[in-house]
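Working notes, structure below.
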Amino acid sequence: MYKRLAALALGLALLCGCGAAAQPQKETETVQAAQEMRSTEFFAMDTVMSVRACGADEALLAQAEALVLSLEEELSTTREGSAVYTLDHEGHAELSERAAYLLGRALALCAETDGALDVSVYPVVRAWGFTTADGSYRVPDAAELDALLQNVDYTRVLLDGTEASVPEGMEIDLGAVTKGYTGDLLTALLRESGVESALLDLGGNVQTVGCKPDGSNWRVGVKDPAGEGLLGALAVADKAVVTSGGYERYFTDDAGTLYWHIMDPRSGCPARNGLISVTVVGDEGLYCDALSTALFVMGTEDAIAFWRAHRDFDMVLVTEDGRLLLTPALAERFTPADALRYETAVIADA
Ligand code: AMP
Ligand code: MG
199 MYKRLAALAL GLALLCGCGA AAQPQKETET VQAAQEMRST EFFAMDTVMS
249 VRACGADEAL LAQAEALVLS LEEELSTTRE GSAVYTLDHE GHAELSERAA
299 YLLGRALALC AETDGALDVS VYPVVRAWGF TTADGSYRVP DAAELDALLQ
349 NVDYTRVLLD GTEASVPEGM EIDLGAVTKG YTGDLLTALL RESGVESALL
399 DLGGNVQTVG CKPDGSNWRV GVKDPAGEGL LGALAVADKA VVTSGGYERY
449 FTDDAGTLYW HIMDPRSGCP ARNGLISVTV VGDEGLYCDA LSTALFVMGT
499 EDAIAFWRAH RDFDMVLVTE DGRLLLTPAL AERFTPADAL RYETAVIADA
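All residue numbers for the sequence shown refer to our numbering, where the first residue is 199 and numbers rise by one.
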């Protein structure tokens, strides 16, 4: 009945590779520049991921991939035996330290965003058909959504140390924060192994370790949510750059109405609050990932108010009415694409 128009698309594109070092001045730079950039690519968490790290050997890259796969094993909602699967099916589960940490942080961010992020919205996401890869999308009716919303309430998820439980009928999903957290753990692994320059592309989530081997910033392309190309590029070092966009997974009904995978937990419907993509730039992948989803749900005005109240991240908002809004610190870091069709503006400080 419904046309399946798109599956996954990457929100961010990497504009540059490792590149040879340009005339390093200091001895430390010379050492780093002489090291080779090695990379690996693999499929995990429903997307293609790549890790490029200066000075990494094959064993470290294999360790990085194994880390991602082990996180997927623990956090997947669909793999029988994962901690999250057990929690959702049995109502309680003993989590690993890191899964408990992620759930604890996610619950705190649900509260911080006043429920725009809600880890218990999963049954609603499934009712719309977004949890399977087969594109069996549908528009649930109001009665069905009302019934499902009775069990959407992150405040009823209990976490005591590593013991988690949810009430009957509730199911959680950490999909809105898992890739960001994965990026943080990968970054820590690489740093502990002596890597000072790396670029991680986790499908819509980019994380950078240090700067490029030549000492310049990484340039991370941000996808145009309404087209094939890029909005532009962000110059960053040591940052996470995470995008949530309606274009990543969506379908249209016979009347041409568009429905996407980011849900407003209050209505049980795809969040249509004025934004078509949100890119968050900050120090921590987990935080950026939680916020990109939550700010998308909040909509333009509330996202700006949230930024003004917090100011511990930067963002690029793209609105349904064709505007591109940047926080002030990104004004100099963002290079728009040629012939950018959005009206660009810097968000006022207050
Ligand atoms: P992201 O791509 O990080 O924005 O995460 C989107 C994914 O998180 C969706 O595919 C859903 O599985 C889940 N999700 C959708 N809406 C919400 C929400 N309001 N709060 C938490 N998770 C959500
Ligand atoms: Mg997210």
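Cβ coordinates follow ideal geometry from the N, Cα and C atoms, glycine included.
Predicted model only: the values in this text are computed from it and were never measured.
Near the ligand AMP: residue i beta-carbon under 7 Å from a heavy atom
| i | result |
| --- | --- |
| residue 274 | no |
| residue 463 | yes |
| residue 241 | no |
| residue 487 | yes |
| residue 459 | yes |
| residue 266 | no |
| residue 609 | Outside the shown range of the chain (199 to 548) lies residue 609, about which nothing can therefore be said. |
| residue 402 | yes |
| residue 328 | yes |
| residue 305 | no |
| residue 325 | no |
| residue 314 | yes |
| residue 514 | no |
Neighbourhood of residue i by C-beta distance below 8 Å, restricted to the same chain and skipping five residues each side
| i | result |
| --- | --- |
| residue 519 | 472 |
| residue 233 | 252, 253, 411 |
| residue 541 | 520, 521, 522 |
Extent of the continuous beta strand (DSSP E) run through residue i
| i | result |
| --- | --- |
| residue 405 | 403-407 |
| residue 239 | 235-242 |
| residue 268 | Where residue 268 is concerned, there is no enclosing beta strand (DSSP E), although the alpha helix (DSSP H) it sits in stretches over 256-273. |
| residue 368 | Counting along the chain, residue 368 falls outside any beta strand (DSSP E), and DSSP gives it neither H nor E. |
| residue 250 | 245-252 |
| residue 480 | 473-480 |
| residue 456 | 456-458 |
| residue 292 | 290-292 |
Residue i burial status per 10 Å Cβ neighbour count (16 or more: buried)
| i | result |
| --- | --- |
| residue 392 | exposed |
| residue 446 | buried |
| residue 532 | buried |
| residue 241 | exposed |
| residue 268 | exposed |
| residue 376 | buried |
| residue 380 | buried |
| residue 547 | exposed |
| residue 389 | exposed |
| residue 330 | exposed |
| residue 526 | exposed |
| residue 221 | With a pLDDT of only 35 at residue 221, under 50, the local geometry of the prediction cannot be trusted, and the value read off the model is given with reservation. Label assigned to residue 221: exposed. |
| residue 512 | buried |
| residue 277 | exposed |
Boundaries (first-last residue) of the alpha helix (DSSP H) holding residue i
| i | result |
| --- | --- |
| residue 505 | 498-508 |
| residue 299 | 295-310 |
| residue 380 | 376-390 |
| residue 399 | No alpha helix (DSSP H) contains residue 399, which is instead part of the beta strand (DSSP E) from 396-399. |
| residue 530 | Counting along the chain, residue 530 falls outside any alpha helix (DSSP H), and DSSP gives it neither H nor E. |
| residue 342 | 340-347 |
Same chain, Cβ closer than 6 Å to residue i, neighbours up to 5 away in sequence not counted
| i | result |
| --- | --- |
| residue 349 | 367, 368 |
| residue 286 | 369 |
| residue 223 | Per-residue confidence for residue 223 stands at a pLDDT of 40, beneath the threshold of 50, marking its modelled position as unreliable; the derived number appears in the next sentence. Within the same chain, residue 223 has no close Cβ partners at all. |
| residue 356 | 363 |
| residue 398 | 249, 381, 384, 405 |
Helix, strand or coil at residue i [DSSP, three-state]
| i | result |
| --- | --- |
| residue 283 | helix |
| residue 423 | coil |
| residue 445 | helix |
| residue 328 | coil |
| residue 353 | helix |
| residue 544 | strand |
| residue 229 | Residue placement at residue 229 is flagged as unreliable, the pLDDT there being 47, under the threshold of 50; the coordinate-derived value follows with that caveat. Residue 229 falls in the helix class under three-state DSSP. |
| residue 523 | strand |
| residue 487 | helix |
| residue 516 | strand |
| residue 534 | strand |
| residue 434 | strand |
| residue 323 | helix |
| residue 393 | coil |
| residue 492 | helix |
| residue 362 | strand |
| residue 276 | coil |
| residue 468 | strand |
Proximal residues to residue i (C-beta, below 7 Å), its chain only, five neighbours per side dropped
| i | result |
| --- | --- |
| residue 491 | 315, 374, 442, 460 |
| residue 395 | 230, 252, 407, 408, 409, 410, 411 |
| residue 272 | 280, 281, 294, 297 |
| residue 515 | 473, 476, 498, 501, 523 |
| residue 274 | 280, 282, 283 |
| residue 291 | 281, 284, 285, 362 |
Near the ligand MG: residue i beta-carbon under 7 Å from a heavy atom
| i | result |
| --- | --- |
| residue 442 | yes |
| residue 490 | yes |
| residue 374 | yes |
Residue-level contact to chain B via CB, residue i, 8 Å cutoff
| i | result |
| --- | --- |
| residue 280 | Given the protein chain composition of this structure (a single chain), no chain B is represented. |
Any non-hydrogen atom of the ligand MN within 7 Å of residue i CB
| i | result |
| --- | --- |
| residue 478 | This structure lacks the ligand MN; its bound ligands are the ligand AMP and the ligand MG. |
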